[in-house]
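Read top to bottom, the protein sequences are chains A and B. Position one of the first sequence corresponds to residue 1 (the numbering used here), numbered consecutively onward. Position one of the second sequence corresponds to residue 1001 (the numbering used here), numbered consecutively onward.
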Amino acid sequence: MKASMGSSDGRASSIDLEILRTRFLACADELAAALANSASTTELSQSRELAVAIADAQGHIVSTDDPQRLGTFAATVAHVVDYFEFDLEDGDVILTNDPYTGAAGVQYPILISPLIVGGQVTLFVAVMVRINDMGGQVSGNLNPAATELLSEGVPVTPVKIERRGRPVKDIMGVFLLNGRREDETRRTIEAAKAAIALGHGRLGDLVGKHGLDLINEALAYAQDYSETIARAAFPSWQAGTYEVEREVQTNDAAACAVVRLVATVGQDSLRLDFTASDDQVPFFVNCSKGVAVSSALSAFLMALSGGAPANGGLLRVVNVVTRPGSVVHATAPAPCGYGSIHCGSEIVDVVTEALSLAAGRSLPVLSVPRPLVLSRPTTDRSGQRDLGRWAVGGASAMEGSDAWGAPNLSTRAELLSIEQWETDGRFPVEQVEYVVDSAGAGEWTGAPGVELVLSIPPGQLMTLWTVPTRSTVEGVAGGHAGANGAVSICTDGRWEPAPDVETEWPCDADFLRLQLAGGAGYGDPRRRPRASVIADLADGLLSEARARDIYDVSDDNAHGSRQAHG
Amino acid sequence: MSYTIAVDVGGTFTDVVATDETEVFTGKVSSRPNDEATAVLEAVEAVANHFGKAGPDLLKDTQFFILGTTVVTNAMLEYEGTPTGLMTTKGFRDILEIRRGYKESLFDLSLPAPHPIVRRRFRKGVTERINYAGQVVTPLNEQDVRAAVRELKAAGITSIAVCLLFSFVNDAHERRVAEIIREEHPDCFVTLSCDVLPQIREFERVSTTVVNAYTSPLLKNYLHRLDNGLRSAGFAGELVVMQSNGGIMDVAYSADHGVDAVLSGPAGGVVAAVALGERSGYKDIITADMGGTSYDVCLIRDGKPVVGVDNWISRYRVAVPLVDIHTIGSGGGSIASVDEGGALRVGPASAGASPGPACYGRGGTRPTVTDANLLLGFMDPERFMGGKMALSRAAAEDAFQEHVAGPLGISVLEAAIGVFRIANNDLSNALRYVSVTRGQDPRDFALMAFGGAGAIHAGIQAVDLGIKTVLVPRNAPVLSAFGGLVADFKVSRVHSYIRAVESVDPAEMTELFLSVQSEAENLLPTSDGTRLERYVDLRYQGQTREVIVPLNTRTKKITDISLQRAVQDFHVLHEKLYGHKRTDVPVQVVSIRVELTGLRRMGDVVAARKFESDDASSAHVDDREVYFERLGGMVKTPVYDGRLIVPGNVVAGPAVIHEPGTTIVIADGQEAMLDQYETYVIEVIR
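Below, the structure is given as structure tokens:
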């Protein structure tokens, strides 16, 4: 659509609509910031495992602070609107964590509340939070031994935890009773409800100031705008069909599940057909339809450099097709606790590759394989700690610039403070440092992987799935893969690989070493400027052997140059 | 006769405000790229000329010389600091670069890495370890330290930052490292994290320490050169530097604390806003400084600027307390365009000062907010910069036609109105963000506008946010320098102290406060009296963000009661900030803070002028067509020459007042009066 200025026909001017569109965006950001700042768990405040969305009366998403959750919100809000079609009242707050209708996993409940003006549902505020225990066999709801959802935790179909502004105690009581961290979960839900109340206040003021008609028009305009921006990208892409696939590792090394994509790039739309993907597996890597859509759209947004605001307008342009019962669209009874990591990452990768083919330029791989590493004291079933949150992989390079830091899509989460972690009584951190030669070589290099070493106190039960670290991130356009990651344990001074898969494994190791893959390089390493190679040598990111073997920089020259650098 | 001179060095102009205790002089001289000192001395000449004295005579009688400097800011913006090394606990030298995983943009793959102000080769790990309780787990390996220092010295490093884990609970290893550095490399500048920011969280501490190490030697050299230059010209008073916390400090302190001067100039503007606001009867103020490229917003609550600790300077984290200035890239030079979605955009690209807006006639061809303001009649092409620069309306029209009106199929006037409204929305969003995210309701505040264009837009923001009063100081163009003139000495110190509130020993806490206070007193120059304020950083158990809460006591002693009062205040503040409180959840202390203010008796540097008649007709110099949305478009509007307005004069909107350095738009439903302290007080009814 094209913006129009006129308002003489009684319609809102494009300026009014544009002003309101940015207000919806600012509102979602503000609510998320308030929620993160007031949250009582590091999963919310630092790892930012929360998200806020505003949806129109039909349940279409208008704005969100986290574009990577768009599909999850879209599916869940649509389901709730349908579920409670004739039973929505002012002050209602609905909760669900059902992955089969869109949620990312049982540990990610979504709260949804309508804003009702003049007796009509005007819009919805939705808040997603991570809770640290929702029942199941393993606290934290990440269970590599789970073969069904109920082993991961308790799913909750949409229920009202507040009705007309009054708490529904029996429902909330049942919900809390199903987790091991009742007080913490209650506080998290209270914080989410406070964010919803804040949102109702902000949005109610907007309705009061601008009137319902203009607000409704602006809710539609915001989505039209994103649609227009997204469609504008297509002329630079080559229309056609592109087929890409990736393996998702499982607990059975011989039986990977394959994500298969047939991407059809049209003149101004994109169809991402995953129906040929393998059947779901009895392992926690299946993902919900909501996660599949979120992951696919994240890759699409990356191809647009984030230029289009994430909302329902994108879903008119990008049609994600899945087959129920497949690894990218879990149905009962499949487990899917780790699905947003694997196979979410694989979905991001296949869409990125397909769009690279369409664009005629190689986009970097946007993720690194990530293991699961949990630990809890033998004596405390609810004291699960996700040590994998410490892991930092390297971003992959793209044409024209070396990569730095972690892959972009993982940087919403803030890494923990070592001093804060130790002060709060966790395990001492022995090292957090780049790994030499871990960055993928190329004309432009990947970012190095980071090695973390933790002391492990006695009496810990560990839950592990370390298989993904064996994979590397492949380079593009002649660039080399980054070094693969590894999870190792040290007992009595002897390092050895950690087990592939374990649940609640009694661990008597002294240290744990966690290393994620380095990012991949881009382009032929021999084209890398010599000065850059010498700088990497001087900075200890590159060994002399690798400089010689890959970059053809000799010892003598490099040594002389390093001395010059000091 | 005793003089006080305050100078603020900006990118384009160096502003000066001086007083001989009876009169205030304000002036501007051109800044000189890479040569601040010369512009400063030229500003002194301007003061001397005004008071009819020779430069040396003026300086001989000058008691205070207050400097707002851009040396530190520029060193960070241009990455031209001192060659710097870092010594840290072995195994953690990449913390600075890992940045707790932070990237400025989730979807922008082309964003380059931050410029490494300390290259990895100059980041040295040394064997040592202190645990969270302050116990030495691994003794410091002094040979490691010596070897590292020698390597850094050989590499030409002249400034070393030292940041060891948990030095905020036990600084012994850091201090020993400093001793060794001084033995091995006596000329090296040394910054210890336990001095700069003795606070938990290693990334925030190491980044702040490195920024200090990178910038301080430059500031030190500059201040010593300037001090020597002034003294050889006869100056016998005290040279002091505007700090980012809103106070001033002497050269001895400032030279070692570059990180405290990163916002030296902008902080001066906020301090001036406090002083001028109080004189006009307002203690709760939102400041809005609109320049060519940015819009800076700061909150002043109960006469005190809100202090923030979440700042980034040139992509480096700076966690020392700074006046909490929120900046958006929206200024007079912000460029308007139509994006792929057919929506009108304003900024973030800016025409800056060069080539500047199209109407400047300096080669700019893109339409900007300033061009829109000209086309809507807010600015007079003949009276810009006090008539020193003519503006081209035709150039502005051409730019709008080509880049906005044409693509949207609308008239140039409609396009200018659109840009004006979008820009106003962006400014209102910034004001709303700053107030709401700090738990404040903007309706409780007056809005003080300064900068070239701030007062054109302020009336709109006031209506948008429900603000009832707009303040526009007449000396807005030199506000930062004026802030230096009225600022007090101030030392802000913080120290980690991590305890559950119920396990705090009040005697122990009292002792720590006294120790930190003593540290602050030792740093504070002689003053006319002191004011001590104490704070605790509190949070609910499990949270990672703290709320800074005043700790009010009548004596130096902390008691259970005073601590419980702070906890009660914390619940209230938390609810205000985040919409809820949790009285059932344990509360933790994370840090203690001391703010020691050394008061300066500046007297009334702005003497109250006598009120004259309310009749402003003698300043009514013209009428022209100006845009007012509520009046339906362009309407004939009275124009006033601000130089002819005297205290007591009342100007009812719609009207435009042209002051030499700024333009003030009074909308319909608004009324301005120049008060005794030469601040326009604009009452906003609608």
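Just so you know, even glycine gets a beta-carbon here, dropped at the ideal spot from N, CA and C.
Kindly indicate the opening and closing residues of the alpha helix (DSSP H) around residue i.
{"i": "residue 37 (chain A)", "result": "14-38"}
{"i": "residue 1221 (chain B)", "result": "1202-1232"}
{"i": "residue 336 (chain A)", "result": "Element bounds for residue 336 (chain A): n/a, residue is neither H nor E."}
{"i": "residue 71 (chain A)", "result": "70-83"}
{"i": "residue 1513 (chain B)", "result": "1506-1523"}
{"i": "residue 550 (chain A)", "result": "544-551"}
Roughly how many angstroms separate the alpha carbons of residue i and residue j, rounded to a whole number?
{"i": "residue 1301 (chain B)", "j": "residue 1070 (chain B)", "result": "27 Å"}
{"i": "residue 335 (chain A)", "j": "residue 502 (chain A)", "result": "16 Å"}
{"i": "residue 550 (chain A)", "j": "residue 441 (chain A)", "result": "8 Å"}
{"i": "residue 1140 (chain B)", "j": "residue 1165 (chain B)", "result": "12 Å"}
{"i": "residue 987 (chain B)", "j": "residue 1404 (chain B)", "result": "Here chain B has residues from 1001 to 1686 only, and residue 987 (chain B) is not among them."}
{"i": "residue 1174 (chain B)", "j": "residue 1485 (chain B)", "result": "38 Å"}
{"i": "residue 141 (chain A)", "j": "residue 236 (chain A)", "result": "43 Å"}
{"i": "residue 448 (chain A)", "j": "residue 543 (chain A)", "result": "13 Å"}
{"i": "residue 1091 (chain B)", "j": "residue 111 (chain A)", "result": "42 Å"}
{"i": "residue 37 (chain A)", "j": "residue 1442 (chain B)", "result": "21 Å"}
{"i": "residue 1240 (chain B)", "j": "residue 1251 (chain B)", "result": "6 Å"}
{"i": "residue 344 (chain A)", "j": "residue 1398 (chain B)", "result": "50 Å"}
{"i": "residue 1534 (chain B)", "j": "residue 1563 (chain B)", "result": "12 Å"}
{"i": "residue 1010 (chain B)", "j": "residue 1476 (chain B)", "result": "14 Å"}
{"i": "residue 546 (chain A)", "j": "residue 438 (chain A)", "result": "11 Å"}
{"i": "residue 528 (chain A)", "j": "residue 418 (chain A)", "result": "35 Å"}
{"i": "residue 650 (chain A)", "j": "residue 282 (chain A)", "result": "Residue 650 (chain A) is absent from the model: chain A starts at 1 and stops at 566."}
{"i": "residue 129 (chain A)", "j": "residue 104 (chain A)", "result": "11 Å"}
If I follow the unbroken beta strand (DSSP E) through residue i, where does it start and stop?
{"i": "residue 1085 (chain B)", "result": "1084-1089"}
{"i": "residue 1446 (chain B)", "result": "1446-1450"}
{"i": "residue 96 (chain A)", "result": "93-96"}
{"i": "residue 490 (chain A)", "result": "486-491"}
{"i": "residue 1360 (chain B)", "result": "That residue, residue 1360 (chain B), is in no beta strand (DSSP E); it is neither H nor E in DSSP."}
{"i": "residue 1348 (chain B)", "result": "1344-1350"}
{"i": "residue 116 (chain A)", "result": "110-117"}
{"i": "residue 1337 (chain B)", "result": "1334-1338"}
{"i": "residue 626 (chain A)", "result": "The question about residue 626 (chain A) has no answer, for chain A in this structure spans 1 to 566."}
{"i": "residue 1559 (chain B)", "result": "Per DSSP, residue 1559 (chain B) belongs to no beta strand (DSSP E) and is neither H nor E."}
Practice task
Quick one: which unbroken beta strand (DSSP E) runs of 3-plus residues sit fully inside the segment 238-272 of chain A? Chain order, please.
Solution key: 240-248 and 257-265
Handout entry: Whole alpha helix (DSSP H) elements within the segment 1372-1415 of chain B, 4-residue minimum
Key = 1393-1400
Exercise for the section: Entirely within the segment 1113-1181 of chain B and at least 3 residues each: give me those beta strand (DSSP E) ranges in chain order. Expected result: For the beta strand (DSSP E) assignment, the uninterrupted runs of no fewer than 3 residues enclosed by the segment 1113-1181 of chain B are, from N- to C-terminal side, 1123-1126, 1136-1138 and 1159-1163.
Exercise for the section: Select from the segment 78-108 of chain A all residues with a C-beta closer than 7 Å to any C-beta belonging to chain B, and list them in chain order. Expected result: none
Exercise for the section: Identify each residue in the segment 43-66 of chain A for which the Cβ-Cβ distance to at least one residue of chain B is less than 8 Å, and report them in chain order. Expected result: If you check each beta-carbon in the segment 43-66 of chain A against every beta-carbon of chain B, the ones closer than 8 Å belong to 45 and 46.
Problem - Any beta strand (DSSP E) of 3 or more consecutive residues that is wholly inside the segment 397-449 of chain A - result: 429-434
Practice task
Output the residue ranges of the beta strand (DSSP E) runs that lie fully inside the segment 136-174 of chain A and measure 3 residues or longer, sorted by chain position.
Solution key: 159-163
Problem - Stretch pair the segment 305-313 of chain A + the segment 1102-1109 of chain B: three plus CB contacts closer than 8 Å - result: yes
Practice task
Output, in sequence order along the chain, the residues in the segment 1085-1101 of chain B whose CB is closer than 9 Å to any CB in chain A.
Solution key: For the segment 1085-1101 of chain B, the beta-carbon criterion of a distance under 9 Å to any beta-carbon of chain A is satisfied by 1090, 1091, 1092, 1093, 1094, 1095, 1097, 1098, 1099, 1100 and 1101.
Exercise for the section: Specify whether the segment 1405-1425 of chain B and the segment 1363-1372 of chain B touch according to this definition: at least 3 beta carbon pairs, one from each stretch, less than 8 Å apart. Expected result: yes
Exercise for the section: Please determine if the segment 290-298 of chain A and the segment 32-52 of chain A are in contact, where contact requires at least 3 C-beta pairs separated by less than 8 Å. Expected result: no
Problem - Near-chain B residues of the segment 296-314 of chain A (beta-carbon distance less than 7 Å), N- to C-terminal order - result: 301, 302, 305 and 306
Exercise for the section: Taking only beta carbons into account, state which residues of the segment 369-392 of chain A come closer than 7 Å to chain B, listed in chain order. Expected result: Under the 7 Å Cβ criterion, the segment 369-392 of chain A contributes 392.
Exercise for the section: Indicate whether the contact test is met: 3 or more Cβ pairs, each with one atom in the segment 1578-1592 of chain B and one in the segment 1618-1637 of chain B, closer than 8 Å. Expected result: no
Exercise for the section: With a floor of 3 residues, list each beta strand (DSSP E) that falls wholly inside the segment 317-377 of chain A, ordered by position along the chain. Expected result: 318-321 and 372-377
Practice task
Please confirm if the segment 1351-1363 of chain B is in contact with the segment 1629-1641 of chain B, defined as three or more CB-CB distances below 8 Å between the two stretches.
Solution key: As far as the Cβ criterion goes, the segment 1351-1363 of chain B does not touch the segment 1629-1641 of chain B, which means the pair count is below three.
Handout entry: the segment 431-450 of chain A: positions lying closer than 7 Å to chain B by Cβ
Key = Within the segment 431-450 of chain A, the qualifying residues are 431, 432, 433, 434 and 450.
Handout entry: Cβ pair count under 8 Å reaching 3, the segment 1125-1133 of chain B against the segment 1153-1161 of chain B
Key = no
Handout entry: the segment 1278-1294 of chain B / the segment 1481-1500 of chain B touching (three or more Cβ pairs under 8 Å)
Key = no
Practice task
Using a Cβ-Cβ cut-off of less than 9 Å, list which residues of the segment 1279-1296 of chain B approach chain A; keep chain order.
Solution key: Here the close residues number zero.
Handout entry: Cβ-based contacts, 9 Å cut-off: residues of the segment 1201-1221 of chain B near chain A
Key = Listed by position, the residues of the segment 1201-1221 of chain B near chain A (Cβ gap below 9 Å) are 1201, 1202, 1203, 1204 and 1205.
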